[in-house]
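Notes follow the structure.
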Amino acid sequence: MATRIALLGLGVVGQGLLEILKDKGDALRNGIGFDAKIVAISDVMKGSIYNPDGLDISEVLRVVKETGKLDGYPESPSLIRGWDSFQTIRESNADTIIEITFTDVNTGQPAIDHCKTAFECGKNVVMSNKGPVALAFHDLSELASKNGVRWGFEGSVMSGTPAIRMPLTSLAGNEIREIRGILNGTTNFILSQMEEGLSYQEALTQAKALGYAEADPTSDVDGFDALYKIVILANVVMNAPLVREDVAREGIRNVTLEQIQQAKQEGKRWKLIAKAKRVGNQVEAQVGLEAIPMTDALAGVSGAMNAVTFDCDLAGPITLIGAGAGRTETGFSILIDLLNMSRSQL
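So the mapping is simple: the numbering used here equals the position in the sequence shown, first residue as 1, plus 6.
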């Protein structure tokens, strides 16, 4: 039976997912029995379409590429236009909602309310937004459980790199004593460029030119993005009820070329490290600059890559390295959750 899906948001990630489903749809059906049917799309800027029998993914991608909107999608007797996101959740025949709207990371909205509505309607949710997971993990988890539905958010920490699923499945049975990671690619790129001799401002300008940094880079360079991600990992992987106010935070604005070069001479490298560590019966977390030795697995992670080390009591330190962002990578993170839901796994 096909998984009926409604997309809330059709930006870079949504289009990346549709491209994956278009290119790999037959292989997914024939290889692992996963059949996805996109029945609805609702986007504030691009418009909204719903067909209970399914939408033509190729046509969706074509009209969006050509016009930037869904207005040009071909008419049919069963096509409905104009539903907002909440009507799409409540009235479509989708059993899974993919929540990839533009969401305010400080409030988690509108994604939190989208999740609540979907759960109350008995529908699963998959998302890559980090705000709702960092701000409302326990409340949303309880609501999903109460309504017998699933909530997937693999892409909220390291995009398509399985920083959540790997520790929950492959490292099950271990006590994870500490999580340390480079969880923001923008700051890692800037620090890597400074090591090559660029000033902070020059490296930031280059990061913006390459699309690694937003016009307003505050969330990245001041450590907020990494803070939210370590809160998610602490809650989900270490079962620690941390909130953002519990986490000490420092960004990279004040690092100097002199500090970078001094660390280099000492066989060290500056990184923005997010970490959560068990201390007695509690978990303490922080985000800040550290000059780490070259022998540290995280020291070799350069450019815009992300990495995380899980310190396990049985397996020892396990380090996972991969892309932390990207159109296809984040689209794949949505697919990861869809596949595991279809397999009834975590």
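We treat Cβ as the ideally placed atom computed from N, Cα and C, and that holds for glycine.
Values in this document were obtained by computation on a predicted structure and should not be read as measured data.
- A buried status is given to Phe-40, since no fewer than 16 other beta-carbon atoms sit within 10 Å of its beta-carbon.
- Nearest neighbour of Ala-46 by Cα position, chosen from Gln-271, Val-155, Asp-62, Lys-274, turns out to be Asp-62.
- In this structure, DSSP gives Val-131 an extended state, which the three-state scheme calls strand.
- Residue pairing from DSSP leaves Trp-89 without any beta-bridge partner.
- Around the beta carbon of Asp-29, a 10 Å sphere encloses fewer than 16 other beta carbons of the protein chains shown; the residue is thus reported as exposed.
- If one requires a minimum length of 4 residues, the alpha helix (DSSP H) runs lying completely within the stretch 214-246 are 224-227, 230-243, in chain order.
- Counting along the chain, no alpha helix (DSSP H) covers Gly-53; the unbroken beta strand (DSSP E) around it starts and ends at 53-56.
- Taking the CA atoms as reference points, Met-311 sits about 17 angstroms from Glu-202.
- A straight line joining the alpha-carbon of Ala-42 with that of Leu-13 spans about 12 angstroms.
- Contiguous alpha helix (DSSP H) elements confined to the stretch 261-331 occur at 263-271, taking only those with 4 or more residues.
- Only exposed fits Gln-271, as fewer than 16 other CB atoms lie within 10 angstroms of its CB.
- Restricting attention to Thr-193, Gly-191, Asp-90, Ala-209, the CA atom closest to the CA of Gln-199 is found in Ala-209.
- By the beta-carbon neighbour count (other beta carbons within 10 angstroms, threshold 16), Met-300 is exposed.
- Note that the C-beta distance between Arg-156 and Asn-130 is below 8 angstroms.
- For Asp-59, the three-state secondary structure derived from DSSP is coil.
- The residue from Gly-322, Val-289, Leu-24, Leu-263 with its alpha-carbon nearest to that of Ile-106 is Leu-24.
- In terms of CA proximity to Gly-273, Ala-297 leads the group Ala-297, Ala-215, Cys-318.
- With respect to Leu-197, Ile-103 sits apart: the two C-beta atoms are not nearer than 8 angstroms.
- The three-state reading of DSSP puts Lys-43 in strand, counting E and B together.
- When Met-244, Gly-22, Ser-225 are compared, the shortest CA-CA separation from Ala-169 is found for Met-244.
- When the five nearest sequence neighbours on each side are left out, the beta carbons in the same chain lying within less than 7 angstroms of the beta carbon of Pro-173 are those of Ile-182, Val-243, Phe-316, in order along the chain.
- In this structure, Ala-150 and Met-133 do not form a Cβ contact; the two beta carbons are roughly 12 angstroms apart against a cut-off of 8 angstroms.
- Contact between Ala-282 and Leu-239 holds: their C-beta atoms lie close to 6 angstroms from each other, under 8 angstroms.
- In the structure shown, Arg-96 falls within a helical segment according to DSSP collapsed to helix, strand and coil.
- In the structure shown, Leu-141 falls within a helical segment according to DSSP collapsed to helix, strand and coil.
- Nearest to Val-139 by alpha-carbon distance, out of Thr-113, Cys-127, Leu-295, is Thr-113.
- For Glu-251, there is no enclosing alpha helix (DSSP H), as DSSP marks it with neither H nor E.
- Shown here, Thr-167 sits in coil according to DSSP, grouped into three states, outside any helix or strand.
- One thing to note: Ile-95 has its Cβ no nearer than 8 angstroms to the Cβ of Leu-76.
- The beta carbon of Phe-195 lies closer than 7 angstroms to those of Ala-213, Tyr-218, Gly-309, Ala-310 in the same chain, with the five residues before and after it left out.
- Exclusion of the five residues before and after Thr-109 leaves Ala-117, Asn-135, Gly-137 as the residues of its chain whose Cβ lies within less than 6 angstroms of its Cβ.
- Here Asp-59 really is in contact with Ser-84; their C-beta atoms are around 6 angstroms apart, less than 8 angstroms.
- The C-alpha of Gly-22 lies about 12 angstroms from the C-alpha of Lys-71.
- Thr-102 has Ile-11, Asn-130 as its beta-bridge partners, per DSSP.
- Judged by their CB atoms, Val-249 and Val-261 are not nearer to each other than the 8 angstroms cut-off.
- The beta carbons of Gly-306 and Thr-167 sit no closer together than 8 angstroms.
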